[in-house]
Amino acid sequence: MTAICVDDEPLVLQLTLSLFRDLPGFSEVEGFAGALEALDWLENHKPDIALLDIDMPGMNGLELAARIREMHPDTAIIFLTGYSEYALDAFQIHASGYLMKPINREKLAAEVEYAISGKNHPASSNIYVKTFGNFDILVDGRPLLFKRSKSKELLAYLVDRHGGNVSRPEAFAVLWEDVFYDRAMQKQMDVVVRSLRTTLEEAGIGEIFEIRSGWMRILPERMDSDLFRFLDGDRDAIQEYRGEYMSAYSWASQTEAYLDRIIAERS
Amino acid sequence: MSTNSDNPRVQLLVSQIQPHFIFNTLSTIQALCRIDPEKAFDTTEKFGSYLRMNLESLGQPTLIPFQKELEHTRIYAEIEMLRYPEIHIVYDIRDDDFELPALSVQPMVENAIRHGVRGKYGGEVHISSREEDGNHIVTIRDNGRGFDPDKVTEKEENHIGIRNVRERIETMCQGSMRIESERWKGTVVTIVIPGGGVEENAEEGKEEE
Chain C
1 MTAICVDDEP
11 LVLQLTLSLF
21 RDLPGFSEVE
31 GFAGALEALD
41 WLENHKPDIA
51 LLDIDMPGMN
61 GLELAARIRE
71 MHPDTAIIFL
81 TGYSEYALDA
91 FQIHASGYLM
101 KPINREKLAA
111 EVEYAISGKN
121 HPASSNIYVK
131 TFGNFDILVD
141 GRPLLFKRSK
151 SKELLAYLVD
161 RHGGNVSRPE
171 AFAVLWEDVF
181 YDRAMQKQMD
191 VVVRSLRTTL
201 EEAGIGEIFE
211 IRSGWMRILP
221 ERMDSDLFRF
231 LDGDRDAIQE
241 YRGEYMSAYS
251 WASQTEAYLD
261 RIIAERS
Chain U
268 MSTNSDNPRV
278 QLLVSQIQPH
288 FIFNTLSTIQ
298 ALCRIDPEKA
308 FDTTEKFGSY
318 LRMNLESLGQ
328 PTLIPFQKEL
338 EHTRIYAEIE
348 MLRYPEIHIV
358 YDIRDDDFEL
368 PALSVQPMVE
378 NAIRHGVRGK
388 YGGEVHISSR
398 EEDGNHIVTI
408 RDNGRGFDPD
418 KVTEKEENHI
428 GIRNVRERIE
438 TMCQGSMRIE
448 SERWKGTVVT
458 IVIPGGGVEE
468 NAEEGKEEE
């Protein structure tokens, strides 16, 4: 295992390096006094874990983490925080991945263990629903192709409802906005629902979609999604959010505004 | 917690207690316990002195001797220099026989370090005092990052700190505080305490000359 520590205070840096060396399994531990030095090294090396002080002049720990994620998405990141970052806890953002200074040895060991175990067991579900940017559903890493764009949009809306029951008239109003829901359109709606079910079944994931006496829903527990992770307070998902949620769909702007508000409250 | 920190008086108190500094110093001492226990021993004592003076100064309604404020600032700066060995503090004290509000110089030096020279090689904070036209002038000058006065992005905590220092200098001794800053060049804080002070009278200054 390789770990890096980045801290602009030489004494605290020495401390974190020595704490890492005390942990079993770390053959290589590198320390850097600033983000730029670390980035330089990271050009040619890929650590398993990075322990980053948040409060650093120039490029801070959060900005550095974003860069590391671009370079090495598999590197687990743990933040070290002083006092002012208490706000993170106040907003009940998932506490893991953050360590307070002065450092508690047991907590450091626990965080490291958590970070490593997360790497060894990737998401248990083979279904991943991407909602940041454009909406897509990936099965075993491959995006699913839909015969009808409205079927894809319906699935997106069901994901947006987070497993809540949706009636056909409601779904229709979302998909067609101002069109009147007459007999002909009801038929159209049936085609869309049927097409969605067929697409999912053909991909072998028919079980995520449930229709019961006119209501339909998806089963969020059967899939992994950046949206669900975000709402659970997962710091990686929150970092990934770039202010764009299901960009292709106008009805998604409401949830987008909600996500933006969460981000604004955090900072 | 959120209701308390919305209260301006609590905010003021928190800005004067400097929680940031307290936690950082504890982290430094924790590191020293492993790396240099002797220094950890000394730093613990220094930190004790700092806290004692800081607590005594809280809500202090009367002026204190400049020498005392300077001593507080020195101890504070010594601890910070353990954290950031790259910075230098230079003292040029030519006038020290006057009084001023407690916690007026130290917070400005703290700003100079935290937001100015920290992380900069060759970073220097210059603390000087002199007498000019019967006034006592204290300047805190740094060659650090500086800031654009039109685009103040400093944290709320600092605003309260600076505003509070200025208010106390103005109301407690009719003095003034001026801050000039230029991005990437540095910041100069000038505190002017009128000669003769409030409680004393102007004759004292004359006798000395």
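First to last, the protein sequences are chains C and U. Under the numbering used here, the letters of the first sequence match residues 1 to 267, in that order. Under the numbering used here, the letters of the second sequence match residues 268 to 476, in that order. Yeah, the Cβ is synthetic: ideal placement off N, Cα and C, and Gly gets one too.
For this session: Report yes if the CB atom of Leu318 of chain U is closer than 8 angstroms to the CB atom of Leu11 of chain C, and no otherwise.
Result: no
For this session: Quick one: which unbroken beta strand (DSSP E) runs of 3-plus residues sit fully inside the stretch 311-370 of chain U? Chain order, please.
Result: For the stretch 311-370 of chain U, whole beta strand (DSSP E) runs of length 3 or above, ordered along the chain, are 355-360.
Problem set entry | Separation of Trp176 of chain C from Ala184 of chain C, as counted between CA atoms | Roughly 13 angstroms separates the two Cα atoms.
Exercise. When DSSP labels each residue in this structure, what does Tyr241 of chain C get in the three-state scheme?
Worked result: Three-state DSSP puts Tyr241 of chain C in coil, outside helix and strand.
Exercise. Can a CB atom of chain C be found closer than 8 angstroms to the CB of Phe365 of chain U?
Worked result: no
Exercise. Rounded to a whole number of angstroms, what is the C-alpha to C-alpha distance between Lys335 of chain U and Asp363 of chain U?
Worked result: 10 angstroms
Exercise. Would a check of beta-carbon distances place Ser371 of chain U closer than 8 angstroms to chain C?
Worked result: no
Problem set entry | Asp190 of chain C classed as buried or exposed, judged by whether at least 16 other C-beta atoms fall within 10 angstroms | exposed
For this session: With 8 angstroms as the limit, tell me which residues of the stretch 339-355 of chain U have their beta carbon closer than that to any beta carbon of chain C; keep them in chain order.
Result: Interface annotation for the stretch 339-355 of chain U against chain C: Leu349, Arg350, Tyr351 and Pro352, criterion Cβ-Cβ distance under 8 angstroms.
Exercise. So, helix, strand or coil for Phe132 of chain C, using DSSP?
Worked result: strand
Problem set entry | chain C contact residues for Gly386 of chain U, given Cβ-Cβ distances below 8 angstroms | Asp8, Gly34, Met56, Pro57 and Gly58
Exercise. Listed in chain order, which residues of the stretch 288-314 of chain U have Cβ atoms closer than 7 angstroms to some Cβ of chain C?
Worked result: Phe290, Asn291, Leu293, Ser294, Thr295, Gln297, Ala298, Leu299, Arg301 and Ile302
Exercise. With a CB to CB cut of under 7 angstroms and the five nearest residues on each side skipped, what residues in its chain are close to Glu70 of chain C?
Worked result: none
Problem set entry | Residue-chain proximity (Glu474 of chain U, chain C), Cβ-Cβ < 8 angstroms | In this predicted model, Glu474 of chain U has a pLDDT of only 44, less than 50, meaning its place in the structure is not dependable; the value taken from the coordinates is given anyway. Not an interface residue.
Exercise. So what does DSSP say about Thr406 of chain U, is it helix, strand or coil?
Worked result: strand
Exercise. What is the rounded straight-line gap between the Cα of Val193 of chain C and the Cα of Ile238 of chain C?
Worked result: 32 angstroms
Exercise. With 8 angstroms set as the bound, which would you pick, yes or no: does the beta-carbon of Val268 of chain C sit closer than that to a beta-carbon of chain U?
Worked result: What is shown of chain C runs 1 to 267, which leaves residue 268 of chain C out entirely.
Exercise. Rounded to the nearest angstrom, how far is the Cβ of Gly34 of chain C from that of Met56 of chain C, given a contact under 8 angstroms?
Worked result: 7 angstroms
Exercise. When the Cα of Asp260 of chain C is compared with those of C:Glu111, C:Gly233, C:Leu158 and C:Gly243, which residue comes out closest?
Worked result: C:Gly243
For this session: Alpha carbon to alpha carbon, how far is Glu111 of chain C from Gly97 of chain C? Give it in angstroms, no decimals.
Result: Gly97 of chain C and Glu111 of chain C: Cα-Cα distance of roughly 6 angstroms.
Exercise. Identify the residues that DSSP records as bridge partners of Trp215 of chain C: which are they?
Worked result: For Trp215 of chain C, which the question treats as bridged, DSSP gives the partners C:Ser167 and C:Arg212.
Exercise. For Ile460 of chain U, which of U:Glu345, U:Pro328, U:Phe365 and U:Val357 has the nearest alpha-carbon?
Worked result: The residue with the shortest Cα to Cα distance from Ile460 of chain U is U:Phe365.
Problem set entry | Span of the beta strand (DSSP E), counted from its first residue to its last, around Gly256 of chain U | Outside the displayed span of chain U (268 to 476) sits residue 256 of chain U, for which this structure offers no information.
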